[in-house]
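Have a look at the structure below, then the notes.
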Amino acid sequence: MRRCLYQAEWRGAEQPKTYFQDDAVCSALTEVMERLQVVNLSLFADKNRLFLYYECLEKEAGPDRLLGNSGEKLAIWPGTGKVRWWVPMTDIFHYQHPLSNEQWVRKHSDRRPFGRVARLEPEQIASYVYFHYQYQEEKPGDGDKYGIIGLHENQLFFYSELPETLEPVPYEGKLNTSLKPDHWAEVMEPHFIKWKGVPEGQDIWRKLELVLEVRGYAAERGLPHA
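In case it helps, the UniProt record's numbering puts the sequence shown at residues 1 to 226.
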């Protein structure tokens, strides 16, 4: 099992939801996900920025293979010798990590993907990663089983699911210390560049629009029904 987080910049004339919810686009994506053994794909939008989450049951499949037909509607990201439309976001925090495909199957049939974005002060990135690794390994399972934070440059993407899945972890964290700050929100606040002109309560973490959700065919792979 491999969890994947990416971002891209939308350049299409139509809105992302209009394009990705087209029947032909959805049908092609579903077929590719089945072939590449990809499940639980969620695509979010924040104006012209796209955020993508999905899970690979076997070999890792890049987003260009899943959403290759959308490439002409995305900006090209620099930094490599080949064309790329999606840039990976590094997993810097998760409440749990999968041990097997079976252990990772969802129990809530009514679940809903939920995405948020935040921005870090550049000089605070190392501190933020440090505190979150400490939290992750001291208190594994302290929140939604599927909650994960990805980082690219100073951009954060927080993927989770509602209702939350709260379960004891089947493993121990890598740290036996107890250094996580008690006043977590107070310690975290100076790390962020706050958003302006947003709804109340979203000045740090702004909610994303869910553009598309495709769960895939877990049951056909011998897994329990999600």
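Even for Gly, the Cβ is constructed at its ideal location relative to N, Cα and C.
{"Check": "Span of the alpha helix (DSSP H), counted from its first residue to its last, around P16", "Outcome": "16–20"}
{"Check": "Beta-carbon spacing of H152, V87 below 8 Å", "Outcome": "yes"}
{"Check": "Start-to-end residues for the beta strand (DSSP E) that takes in T165", "Outcome": "No beta strand (DSSP E) holds T165; DSSP gives it neither H nor E."}
{"Check": "With 16 other Cβ atoms within 10 Å as the buried cut-off, status of G216", "Outcome": "buried"}
{"Check": "Closer than 7 Å: F157 CB and nearest the ligand MN heavy atom", "Outcome": "As presented, the structure is devoid of all ligands, the ligand MN included, so that no description of it is given."}
{"Check": "Extent of the continuous alpha helix (DSSP H) to which T30 belongs", "Outcome": "23–36"}
{"Check": "Other residues of its chain near Y19: CB distance less than 8 Å, five sequence neighbours each side excluded", "Outcome": "G12, V25, S70, K73"}
{"Check": "Sub-8 Å separation of V106 and P163 beta-carbons", "Outcome": "What sits at residue 106 in the sequence shown is Arg, not Val. No, the pair does not count as a contact, with Cβ atoms beyond the cut-off."}
{"Check": "Residue from R2, L156, G115 with nearest C-alpha to V129", "Outcome": "L156"}
{"Check": "Paired residues, beta bridge with G150 - DSSP", "Outcome": "D91, F157"}
{"Check": "Close Cβ partners of W85 (< 6 Å) along its chain, the five nearest in sequence each way excluded", "Outcome": "A8, G71, L74"}
{"Check": "Minimum length 3: unbroken beta strand (DSSP E) runs contained in the region 91–145", "Outcome": "112–120"}
{"Check": "Cut-off 7 Å between Cβ atoms - residues of its own chain near G222, not counting five sequence neighbours on either side", "Outcome": "Because G222 carries a pLDDT of 44, less than 50, the predicted location of this residue cannot be relied on, and no value is offered for it."}
{"Check": "Same chain only: Cβ atoms within 8 Å of residue 235, ignoring 5 sequence neighbours per side", "Outcome": "Any question about residue 235 goes unanswered here, given that the chain covers just 1 to 226."}
{"Check": "Buried or exposed by the 16-neighbour rule on C-beta atoms within 10 Å, applied to D182", "Outcome": "exposed"}
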